[in-house]
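Residue numbers (the numbering used here), protein chains in the order written: chain A, 3 to 206; chain B, 3 to 206. Glycine is no exception: its CB is placed at the ideal position from the N, C-alpha and C atoms. Remember, predicted model here, so these are calculated numbers, not experimental data. Below is one structure, written out as structure tokens, with a few remarks after it.
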DNA sequence: TATTCTAAACCGACTGGTCGGTCTAGTTTA
DNA sequence: TAAACTAGACCGACCAGTCGGTTTAGAATA
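What follows is the structure in structure tokens.
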């Protein structure tokens, strides 16, 4: 599948839109800012995308596309469920190190999801997929006896919250924790919480 | 300490500002929306607060004030560290049920923190305090042998991320998990991760 | 006790700057 | 030769903050 000139142009616009979003937030991101950032004229941007909102909706897709393939590649049946989770966490930790900006953009998308139905629907789909991946890992773990029987739905959400918690590293400095330490700690907490219980009566 | 007329007016303005924030986000929240919502004229609002931004900075304080006293009341030395954490989680779960809007506002404040230094500094202080409370509980737990020796800083952040994860219930419906189930699950994960280890070699 | 005074509290129309989107004559590209 | 693109003026809707004017509440005065 050859990358067309149009794809390149769109990527240029979207990358610029991301930079502007991270710096100014959605509402204060002007199309003229994207023009300045991308070096593409305003008319041309409107040639590709009908509105500012469409640019940012397309950015969600763009971001998802970049992540999904890699996650599916990393998560593999040939490993234990615990290993799969661990690799997943490490993948996100690495993503954070490579592109902290994307995690800042997440904040904007989350806030947008709260107040705009179109963004909300897109994010719902994104997170449904992500949760689906985690759930599949958990089911495997439970079936193989690696993990105790549990409510896979709830556990998946809890795990996802921990992963998305990387956003705190993009947002605030109230803590002196490193990304690696954070990932290490959530890995411990989650795997401990998932482990089959041998000493404490479990009521699940 | 009597509630003055001014306090009442300010609360009226701030409550209205919160409603508008949750519905429209910060940038799209017009002062005229706050006027409509509060029934207080624009001139009067500007009499109390010098700018729209000051209204919302004051809202952060207002929200913090409402929470700090209660948290400090709930968290008590006379209970085990695990119990303190559990009550803390339950408190937030209850807060969510009573005022989901506040959690939606959190999204906006987080996004604002990313792009405005004043909001960022306020949020830093808020979360520093909150982390301080969690750290104190963890230290107690460690000293009393309830919890394994661990990096209190990192664990506190991880715990806080889980608590703030309640925001997901305000934001998306990609999951069918109930708030109670979520709190129950994170409690399990966290307490399991904190428990002294008896069967697995621990490298901390 | 009624009146007057004054600062605080408040009102709402208005201003000037902003911004998404439109448009156009012209140029470049494939 | 049509598509892709430029540069940027322009429009109308919008909105934070302003400002001249009014009302309120409490103190002072006769």
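Among the residues facing chain B, residue 153 of chain A is included, as its CB has a counterpart in that chain under 8 Å away. Taking C-beta atoms as the reference points, residue 46 of chain A and residue 173 of chain B fail to come closer than 8 Å.
Between the stretch 191-201 of chain B and the stretch 4-22 of chain B there are fewer than three inter-stretch CB-CB distances shorter than 8 Å, so the stretches are not counted as touching. The shortest CA-to-CA distance from residue 156 of chain A to any of B:63, B:29, B:144 and B:171 is the one to B:171. Between residue 92 of chain B and residue 49 of chain A, the alpha-carbon positions lie close to 52 Å from each other. According to the DSSP assignment, residue 102 of chain B belongs to the alpha helix (DSSP H) that extends over 102-117.
For residue 16 of chain B, the closest Cβ of chain A is not nearer than 8 Å.
Chain order gives the chain B residues near residue 26 of chain A as 117, where near means a beta carbon separation below 9 Å. With a minimum length of 4 residues, the unbroken runs of alpha helix (DSSP H) contained wholly in the stretch 113-178 of chain B fall at 119-145, 154-166 and 169-173.
Between residue 90 of chain B and residue 77 of chain B, the beta carbon gap of about 6 Å places them in contact (Cβ cut-off 8 Å).
Sorting A:57, A:43 and A:52 by C-alpha distance to the C-alpha of residue 31 of chain A places A:57 at the top.
Residue environment for residue 167 of chain A: buried (at least 16 other C-beta atoms within 10 angstroms of its C-beta). Under the DSSP assignment, residue 47 of chain B falls in the alpha helix (DSSP H) whose first and last residues are 44-50. Excluding the 5 residues flanking it on each side, residue 25 of chain A has no same chain C-beta neighbour closer than 6 Å. In this structure residue 109 of chain B touches residue 113 of chain A by the C-beta definition: roughly 5 Å separates them, less than 8 Å. Listed along chain A are 152, 153, 156, 157, 159, 160 and 195, each with a C-beta nearer than 9 Å to that of residue 187 of chain B. Against chain B, the beta carbon of residue 65 of chain A has no neighbour under 8 Å; the closest one sits roughly 16 Å away. In the displayed model, residue 72 of chain A falls within a helix according to three-state DSSP. Put simply, of A:139, A:52, A:199 and A:20 the residue whose alpha carbon is nearest the alpha carbon of residue 62 of chain A is A:20.
The C-beta separation of residue 158 of chain A from residue 137 of chain A comes to about 5 Å, placing the pair in contact by the 8 Å criterion. Following the DSSP letters along the chain, one finds residue 195 of chain B inside the alpha helix (DSSP H) bounded by residues 181-196. A Cβ of chain A is located within less than 8 Å of the beta carbon of residue 29 of chain B.
Rounded to the nearest angstrom, the gap between the Cα atoms of residue 79 of chain B and residue 88 of chain B is 14 Å. The CB of residue 49 of chain A never comes closer than 7 Å to any CB in chain B; the least such distance is about 27 Å. The shortest C-alpha to C-alpha distance from residue 83 of chain B to any of B:180, B:42 and B:144 is the one to B:144. Neighbourhood of residue 57 of chain A in chain B, by CB distance below 7 Å: empty, with the nearest CB roughly 17 Å away.
Here DSSP, grouped into helix, strand and coil, assigns residue 29 of chain B to coil. Neighbours of residue 177 of chain B in chain A, taken as residues at a C-beta separation under 9 Å, are given in chain order as 129, 130, 133, 155, 156, 158, 159 and 162.
Taking C-beta separations shorter than 7 Å and ignoring five residues to either side along the sequence, the partners of residue 185 of chain A in its chain run 91, 92 and 95, following chain order. Within chain A, the residues placing a beta-carbon under 9 Å from that of residue 184 of chain B are 156, 159, 160 and 163, ordered along the chain. The Cβ atoms of residue 129 of chain A and residue 18 of chain B lie no closer than 8 Å to each other. Contact of residue 98 of chain A with chain B is not assigned, every C-beta pair being separated by 8 Å or more. When the Cα atoms are used, residue 111 of chain A and residue 16 of chain A turn out to be separated by approximately 14 Å. The C-alpha of residue 150 of chain A lies about 16 Å from the C-alpha of residue 189 of chain B. Taking every protein chain shown into account, the CB of residue 119 of chain A has fewer than 16 other CB atoms within 10 angstroms, so this residue is exposed. Chain A places a beta carbon closer than 8 Å to that of residue 167 of chain B, counting this residue as a contact.
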